[in-house]
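**Student:** I'd like to ask some things about the structure below.
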Amino acid sequence: MLKKYYTESTDRNKFDKTFSRAELKLLSLVVISIIITAALITSIFYYYRNLDLKLITTMRSDAIFSLLLDRIPPENFTAIYDDKDEDSHLYNKVQQELDDVRKITAVRYLYTAKRNSEGNAIYVVDGLPRDSEDFRACGSPIEAEILPAVNRCLDGDVFHATDILNTSWGMIIPSCEPIKSNGVTVGALVIEFDGEYFAENTASSQRYYIIASICVAIGVGFVAIVLIRSFSIPLYQWLAYTDLLTGAMNRNAFELATHKLHGTEQQKNITVVSCDLNKLKAINDQFGHSAGDEHIRALAQLLMKNFRTQGSTYRIGGDEFVTLLFNASLDATEKKIAEICVEARQVTIGNFCLCFSYGIAQFDPAQDVSIDDTISRADVKMYHYKCAKREAEAAKTII
5 MLKKYYTEST
15 DRNKFDKTFS
25 RAELKLLSLV
35 VISIIITAAL
45 ITSIFYYYRN
55 LDLKLITTMR
65 SDAIFSLLLD
75 RIPPENFTAI
85 YDDKDEDSHL
95 YNKVQQELDD
105 VRKITAVRYL
115 YTAKRNSEGN
125 AIYVVDGLPR
135 DSEDFRACGS
145 PIEAEILPAV
155 NRCLDGDVFH
165 ATDILNTSWG
175 MIIPSCEPIK
185 SNGVTVGALV
195 IEFDGEYFAE
205 NTASSQRYYI
215 IASICVAIGV
225 GFVAIVLIRS
235 FSIPLYQWLA
245 YTDLLTGAMN
255 RNAFELATHK
265 LHGTEQQKNI
275 TVVSCDLNKL
285 KAINDQFGHS
295 AGDEHIRALA
305 QLLMKNFRTQ
315 GSTYRIGGDE
325 FVTLLFNASL
335 DATEKKIAEI
345 CVEARQVTIG
355 NFCLCFSYGI
365 AQFDPAQDVS
375 IDDTISRADV
385 KMYHYKCAKR
395 EAEAAKTII
């Protein structure tokens, strides 16, 4: 399973389209985090946009209301009934006041409204010039889009829009102030701010925000992929390639290495050192497997330390190690392994000195078809060495 996992991870390019399950989970977590963050920022954006909209319209409308409420007498609503009253002095006076303030404050529409005898909201005085296309005559019904805001105001409540209202005559931001006489609401002063600019500005900001969010998402996703691959591939290699007990390379790595060497020029320059601990069973029986593990670790460290610059050491079994050396002479290798044997005898774990058998073989085209044949010859030599050592120890015991 580890070999398959390693092969899948090392065969992939860093930016391959194929992802492992762990990488997909991490990438999904990044994407979900970006989506949640974008949704949160969007909510904050709209919250503050609406807050800003309300603040601006409230401040502007309050200033206009305070300016006009004293100038529009309640009689405006009781003395003016329909378009026949548009020639009256009172109508013209109120209309002039509304028109002047509308121009000064750059308000789109400014007018008064009331309920007729039937209870329907109607225009009273429109602040637009009479020749204007959008001018509404006295007694004209209030449009359905703005009617809820006007009715709320005619019921006695102050109204300030918290969002842009999309109407048939354009984007507006309505505000409305009731006008009272003796505590009774007789009419309303209605302001319609131009919402086109605000809507376009909001839409533009939203577009930039979406583009920026997409760019950030792509950038973060790309960085996440690079980081995931940068960390995950070496991690996969280490997990699949390393023996956790000793730190040496494991059997999977050994099989992959020998497989890559088959039929190549490199195998002709290979020297194989096969090693096996002596008396491991006796050590395990007398001092436990932890002591046996210490012997295995100690041998691995000696081999890796002495052959690190020339090749790699693999733990291929319980106490079996194979070291593959590149461009190392047979004489130099035999000398080095003899020195390691001397160094090993100085190490004592559980009253047993570190002792091992070894066999050395160099690739020989006359004998070896592949590196496997060289390894087999090294194993045979190691086995003969172990048997000879046992016989020598047995002879000493008899004497």
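In the working numbering, the protein residues as written are 5 to 403. Virtual Cβ for every residue (Gly too), placed ideally from N, Cα, C.
#1: Going by other Cβ atoms of all chains shown within 10 Å of its Cβ, with 16 needed for buried, is VAL384 buried or exposed?
#2: Are there three or more Cβ pairs, one per stretch, closer than 8 Å when the stretch 242 to 257 is compared with the stretch 344 to 355?
#3: Relative to the alpha-carbon of ARG381, which residue among ALA342, CYS279, ILE195, ALA396 has its alpha-carbon at the smallest distance?
#4: Would you say LYS184 and PRO77 are within 9 Å of each other, going by their C-beta atoms?
#5: Who are the near neighbours of HIS164 in its chain, counting only those whose CB is closer than 7 Å to its CB and skipping five residues on each side?
#6: On the criterion of 16 or more Cβ atoms from any shown chain inside 10 Å, does SER361 qualify as buried, or is it exposed?
#7: Got a sec? Which residues, its chain only, sit under 8 Å from ILE214 by beta carbon, not counting five neighbours each side?
#8: Short of 7 Å in beta carbon distance, which residues of its chain neighbour ARG53, apart from the five on each side in sequence? Order them along the chain.
#9: Could you pull the DSSP bridge partners for ASP138 from this structure?
#10: Do you know offhand how far ASP56's Cα is from GLY199's?
#11: Would PHE197 and ARG112 qualify as a contact pair, given that the criterion is a beta-carbon distance under 9 Å?
#12: Closest by CA to THR262, which one among GLY225, ASP377, TRP173?
#13: Using CA coordinates, which residue listed in CYS345, ASN288, ALA203, GLN366 is at the minimum distance from GLN270?
#14: Just checking, does the stretch 211 to 231 make contact with the stretch 139 to 153 on the three C-beta pairs under 8 Å criterion?
#15: For LYS29, count the other beta carbons within 10 Å of its own beta carbon; 16 or more makes it buried, fewer makes it exposed. Which is it?
#16: Quick check on this structure: which residue in MET308, LYS107, TYR85 has the alpha carbon closest to the alpha carbon of VAL277?
#17: Quick one: grab the DSSP three-state call for VAL224.
#18: Could you give the distance in angstroms between the alpha-carbon of ASP159 and the alpha-carbon of GLY174?
#19: Please name the residue, chosen from TYR85, VAL98, ASP91, that lies closest to ASP74 on a Cα-to-Cα basis.
#20: Between the Cα of ARG255 and the Cα atoms of VAL129, GLY322, ALA192, which residue gives the shortest distance?
#21: Is there contact here, the stretch 283 to 292 with the stretch 327 to 337, by at least three beta-carbon pairs under 8 Å?
#22: Alpha carbon to alpha carbon, what distance is there between TYR318 and TYR10?
#23: Taking the alpha-carbon positions, what's the ALA43 to ALA203 distance?
#24: Within the continuous alpha helix (DSSP H) that includes MET308, where are the two ends?
#25: Short check: CB of LEU132 to CB of LEU193, under 9 Å?
#26: Could you name the residues of the same chain whose beta carbon sits closer than 6 Å to that of SER374, not counting the 5 residues immediately before and after it, in chain order?
#27: For GLU395, is the classification buried or exposed, using 16 other Cβ atoms within 10 angstroms of its Cβ as the cut-off for buried?
#28: Between which two residues does the alpha helix (DSSP H) carrying GLU338 extend?
#29: Find out if the Cβ-Cβ distance for the pair ALA125, VAL105 is shorter than 9 Å.
#30: Taking 7 Å as the limit between beta carbons, can you name the residues of its chain near GLU341, skipping five residues before and five after?
#31: With which residues is GLU395 paired in a DSSP beta bridge?
**Tutor:** According to the structure shown:
#1: Looking at its Cβ environment, which holds fewer than 16 other Cβ atoms inside 10 Å, VAL384 is exposed.
#2: Output reads no: the stretch 344 to 355 does not touch the stretch 242 to 257.
#3: It is CYS279.
#4: No, the pair does not count as a contact, with Cβ atoms beyond the cut-off.
#5: Excluding five sequence positions before and after HIS164, the CB atoms of its chain that fall closer than 7 Å to its own CB belong to LYS58, THR61, THR62, SER65, SER179, given in chain order.
#6: By the Cβ-count criterion, SER361 is buried, with 16 or more other Cβ atoms from all chains shown falling within 10 Å of its own Cβ.
#7: None.
#8: Residues THR206 of the same chain have their beta carbon placed closer than 7 Å to that of ARG53, with the five preceding and five following residues left out of the count.
#9: DSSP lists no bridge partner for ASP138.
#10: Taking the CA atoms as reference points, ASP56 sits about 13 Å from GLY199.
#11: Taking the C-beta atoms as reference points, ARG112 is found nearer than 9 Å to PHE197.
#12: Checking every option, the nearest Cα to that of THR262 belongs to ASP377.
#13: Nearest C-alpha to GLN270: GLN366.
#14: As far as the Cβ criterion goes, the stretch 211 to 231 does not touch the stretch 139 to 153, which means the pair count is below three.
#15: Label assigned to LYS29: exposed.
#16: Out of MET308, LYS107, TYR85, MET308 has the C-alpha closest to the C-alpha of VAL277.
#17: Under the three-state reduction of DSSP, VAL224 is assigned to helix.
#18: A direct Cα-to-Cα measurement between ASP159 and GLY174 gives close to 26 Å.
#19: The closest CA to that of ASP74, considering only TYR85, VAL98, ASP91, is found on VAL98.
#20: Nearest Cα to ARG255 within the set VAL129, GLY322, ALA192: GLY322.
#21: Contact check between the stretch 283 to 292 and the stretch 327 to 337: fewer than three CB pairs, one atom from each, fall below 8 Å, which does not count as touching.
#22: In this predicted model, TYR10 has a pLDDT of only 40, less than 50, meaning its place in the structure is not dependable; the value taken from the coordinates is given anyway. Separation of TYR10 and TYR318 (C-alpha to C-alpha, rounded to the nearest whole angstrom) is 16 Å.
#23: Taking the straight line from one Cα to the other gives about 20 Å.
#24: Per DSSP, the continuous alpha helix (DSSP H) segment holding MET308 begins and ends at 293 to 311.
#25: No, Cβ-Cβ distance for LEU132 and LEU193 is not below 9 Å.
#26: Cβ within range, chain order: HIS266.
#27: By the neighbour-count rule (16 or more Cβ atoms within 10 Å), GLU395 is not buried but exposed.
#28: Where GLU338 is concerned, the enclosing alpha helix (DSSP H) stretches over 334 to 348.
#29: In this structure, VAL105 does not lie closer than 9 Å to ALA125 by Cβ.
#30: The question names Glu, but residue 341 in the sequence shown is Ile. Hits under 7 Å: VAL277, TYR362, ILE364.
#31: For GLU395, DSSP assigns no beta-bridge partner whatsoever.
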